[in-house]
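To start, the structure under review is shown below, and the notes come after it.
Protein chains: 2
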Amino acid sequence: MVKPPIPVPDSGVLPQERQQRILAKLRHDGRVVAAELAAAFEVSEDSIRRDLRELAAQGLCKRVYGGALLPAATPTPLKQRRGEHSARKLMLARKAASLVSAGQTLLIDAGSTNAAIATVLPADARLVVITNAPHIAQLLLDREGFEVLLIGGRIDAAIGGTVGAQAVEQVRRTRADLCFPGACAIDAAHGLWGFDSEEALFKRAMIEASDETVVVATDDKLGAVATHQVAELSRVQHLVVEHSADRATRSAFASRGMAVHRADSVPS
Amino acid sequence: MVKPPIPVPDSGVLPQERQQRILAKLRHDGRVVAAELAAAFEVSEDSIRRDLRELAAQGLCKRVYGGALLPAATPTPLKQRRGEHSARKLMLARKAASLVSAGQTLLIDAGSTNAAIATVLPADARLVVITNAPHIAQLLLDREGFEVLLIGGRIDAAIGGTVGAQAVEQVRRTRADLCFPGACAIDAAHGLWGFDSEEALFKRAMIEASDETVVVATDDKLGAVATHQVAELSRVQHLVVEHSADRATRSAFASRGMAVHRADSVPS
DNA sequence: TGGCTGTTTGCATGTTTATGCACGATTTAT
DNA sequence: ATAAATCGTGCATAAACATGCAAACAGCCA
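Going down the list, the protein sequences come from chains A and B.
The first sequence begins at 1 in full-length UniProt numbering and counts up one residue at a time.
The second sequence begins at 1 in full-length UniProt numbering and counts up one residue at a time.
Next comes the structure, spelled out in structure tokens:
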């Protein structure tokens, strides 16, 4: 009777193609807004909502009021648990991971403690991780959800990651929010120390390329001193220690202006 | 009786040729619209739809409402692709490793076949291995006896190694005796091909940084063609194929001046 | 040449898919 | 608590679709 609706099917973009692009944008930005998409593709919000509903049905996105977000990360079935990480080290890693915010860029050094941290980083926080350790890179690739940058150069087998001039130069050309230099020894009076000259130089470059530095130290590293200094304590903003760490030691670091984080004693 | 239809068979373009052109346009643009193709080839949309249906049946495109898109490249999370090296792949890897001499410097690309090669390289040959794949680097570190150099840069999760400008630049500053670019497709007439633009550029840089190039190809790679050319066959000195490789195919490559190495059929 | 077969094409038919709108329910913000 | 925004569902419409059919053409054999 009256003017019938104008069910224009489309003009230019194929429906399926539109869904793919929505998915691509979602994966890039971490979220999409229905109204924006409707304007961008020149279709009604109804169609966009239908698309998002379909994608959500396939588990490719999570439907929320106003748009959609990335699907909730798989809660890590814990199937692939590495026996190497002791329970204590995992507690330490969890506390360290809690210092990370979504969207940050992290610089992660080689080392078993840092590998433990990589296993507990949130996969849905759109983190960018720069590392010199192939083991850690592989770990994060397997978990999916991380953008991983590799530091090139010659690998020191004893360290398990690249060090040396090329690695240092490459780190200098990067910028990170947070860095985790593996600690060889840390002392409230003398600062952060490494066993090897090249290693110490690399860690120093990491710290200088980051806004903030987190040192994660098992008990045996606290108060110890090695041969090559990495940095003064003034460059270290956070120290993560085990639950069993000595109270006096903790306050010694705290009095130097560092935030001291004590790991839990039992799994939460 | 009435006006009979005018089933003009065609004017100038053969049906098969039309399908090839549609496929070319699809691979160039990533999508094709049925209506546009009908106008371009001056045939009815019905014929175009028939073409698209045939191409889709061959898995060369994905049929969608309004046209067609590139087939959903299922990158097979590579976690499972790496799961275990089949016996056939191991035979290939052994033959490839036999081309390596003591003291050489190798450039090894990412990929499951190359990972298999890394597991069978002689550990006592004082080899220097340069790789862009953290998985392969880790493999060699665990085996001990290798000097490993890492190519830095952003890691493509689908590839499992670094690609991009930074990786290419770093490869250009190295020099190797032998390189193993992972093959996506190799054709006696058209050369070596890759699926991804960045990937192809990186492989090309690898080849240019090496004295000799070895391509290790499973049967499904032989005679196939992908979208981005890596190099002419004149840059490839050695081709390693499975025992089951077609005889005619083997001689086709041999007549192009390549040394064709056929893997054993049973473990030695 | 003439008849036969197979392919390709456009057209007609009925079906499926995608869309925008209307309406009421639900959620979020104020 | 009230208003605004967003959501889900049903509906009508048109485009895109699959299918069946007959015409035109090429090749083949007699």
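We put the beta carbon where it would ideally sit given N, CA and C, even for glycine.
Residue i: buried (16+ other C-beta within 10 angstroms of its C-beta) or exposed?
i                     : result
residue 227 (chain A) : exposed
residue 135 (chain A) : buried
residue 77 (chain A)  : Annotation note: pLDDT 43 at residue 77 (chain A) (below 50); position unreliable, coordinate value reported separately. With fewer than 16 other Cβ atoms within 10 Å, it is exposed.
residue 3 (chain B)   : Unreliable placement is indicated for residue 3 (chain B), whose pLDDT of 39 sits below 50; the coordinate value is still reported in the next sentence. Exposed.
residue 265 (chain B) : exposed
residue 255 (chain B) : exposed
residue 210 (chain B) : buried
residue 195 (chain A) : exposed
residue 156 (chain A) : buried
residue 74 (chain A)  : In this prediction, residue 74 (chain A) scores a pLDDT of 47, lower than 50, which makes its location untrustworthy; the coordinate-derived value is nonetheless stated afterwards. With fewer than 16 other Cβ atoms within 10 Å, it is exposed.
residue 161 (chain A) : buried
residue 246 (chain B) : exposed
residue 58 (chain B)  : exposed
residue 144 (chain A) : exposed
residue 242 (chain B) : buried
residue 133 (chain A) : buried
residue 199 (chain B) : buried
residue 109 (chain A) : buried
residue 275 (chain A) : Limits of chain A in this structure are 1 at one end and 268 at the other, which puts residue 275 (chain A) out of reach.
residue 96 (chain A)  : buried
residue 248 (chain A) : exposed
residue 79 (chain A)  : Because residue 79 (chain A) carries a pLDDT of 41, less than 50, the predicted location of this residue cannot be relied on, and the following value inherits that uncertainty. Exposed, because fewer than 16 other Cβ atoms sit within 10 Å of the Cβ of residue 79 (chain A).
residue 53 (chain B)  : exposed
residue 205 (chain B) : buried
residue 257 (chain B) : exposed
residue 51 (chain A)  : buried
residue 81 (chain A)  : With a pLDDT of 43 at residue 81 (chain A), under the threshold of 50, the modelled position of this residue cannot be trusted, and the question is left open.
residue 66 (chain A)  : exposed
residue 172 (chain B) : exposed
Just curious, the alpha helix (DSSP H) that residue i is in, first and last residue?
i                     : result
residue 37 (chain B)  : 34-41
residue 256 (chain B) : Here residue 256 (chain B) belongs to no alpha helix (DSSP H), and DSSP marks it neither H nor E.
residue 264 (chain B) : No alpha helix (DSSP H) contains residue 264 (chain B), which DSSP labels as neither H nor E.
residue 159 (chain B) : It is not in any alpha helix (DSSP H) - residue 159 (chain B) carries neither H nor E in the DSSP assignment.
residue 29 (chain B)  : 15-29
Taking residue i and residue j to be in contact with their CB atoms under 8 Å, please state how far apart those CB atoms are, rounded to whole angstroms.
i                     : j                     : result
residue 212 (chain A) : residue 237 (chain A) : 5 Å
residue 89 (chain A)  : residue 119 (chain A) : With a Cβ gap of about 10 Å, residue 89 (chain A) and residue 119 (chain A) do not count as contacting.
residue 64 (chain B)  : residue 41 (chain B)  : Their Cβ separation, rounded to whole angstroms, is 19 Å, which puts residue 64 (chain B) and residue 41 (chain B) out of contact at 8 Å.
residue 17 (chain A)  : residue 34 (chain A)  : About 18 Å; that fails the 8 Å criterion.
residue 170 (chain A) : residue 152 (chain B) : 5 Å
residue 130 (chain A) : residue 99 (chain A)  : No, residue 130 (chain A) and residue 99 (chain A) are not in contact; Cβ-Cβ is about 17 Å, not under 8 Å.
residue 178 (chain B) : residue 229 (chain B) : Residue 178 (chain B) to residue 229 (chain B), Cβ: 22 Å. No contact.
residue 253 (chain A) : residue 188 (chain A) : 5 Å
residue 137 (chain A) : residue 150 (chain A) : 6 Å
residue 215 (chain B) : residue 192 (chain B) : 6 Å
residue 26 (chain A)  : residue 68 (chain A)  : 6 Å
residue 70 (chain A)  : residue 218 (chain A) : Their Cβ separation, rounded to whole angstroms, is 34 Å, which puts residue 70 (chain A) and residue 218 (chain A) out of contact at 8 Å.
residue 240 (chain B) : residue 250 (chain B) : So it is not a contact: roughly 11 Å between Cβ atoms.
residue 38 (chain B)  : residue 48 (chain B)  : 5 Å
residue 182 (chain A) : residue 111 (chain A) : 3 Å
How far does the beta strand (DSSP E) with residue i in it extend, from its first residue to its last?
i                     : result
residue 354 (chain A) : In the structure displayed, chain A extends from 1 to 268; residue 354 (chain A) sits before or after that span and is not available.
Alpha helix (DSSP H) runs contained entirely in the stretch 79-147 of chain A, provided each spans 4 or more residues: 87-97, 112-120, 134-143
Please specify which runs of the alpha helix (DSSP H), each continuous and at least 4 residues long, are wholly inside the stretch 170-244 of chain A, giving them in chain order. Those alpha helix (DSSP H) runs which fall completely within the stretch 170-244 of chain A and span 4+ residues are 197-208.
Ignoring anything shorter than 3 residues or poking outside the stretch 49-76 of chain A, list the beta strand (DSSP E) runs there in chain order. 62-64, 67-69
Identify each residue in the stretch 153-164 of chain A for which the Cβ-Cβ distance to at least one residue of chain B is less than 7 Å, and report them in chain order. 153, 154, 155, 157, 160, 162
Below 7 Å between beta carbons is the criterion; list the residues of the stretch 113-139 of chain B that meet it against any residue of chain A, in chain order. 134, 135, 137, 138
Residues from the stretch 55-69 of chain B in contact with chain A, defined by Cβ distance under 7 Å: 64, 65, 66, 67, 69
Closer than 9 Å, Cβ to any Cβ of chain B: which residues of the stretch 95-108 of chain A, in chain order? For the stretch 95-108 of chain A, which is checked against every Cβ of chain B, not one residue is closer than 9 Å.
Taking a cut of 8 Å between CB atoms, which residues from the stretch 14-48 of chain A lie near chain B? 14, 15, 16, 17, 20
Going along the stretch 183-199 of chain B in order, which residues come within less than 7 Å of chain A, judged by CB to CB distance? Going along the stretch 183-199 of chain B in chain order, one finds no residue with a Cβ nearer than 7 Å to chain A.
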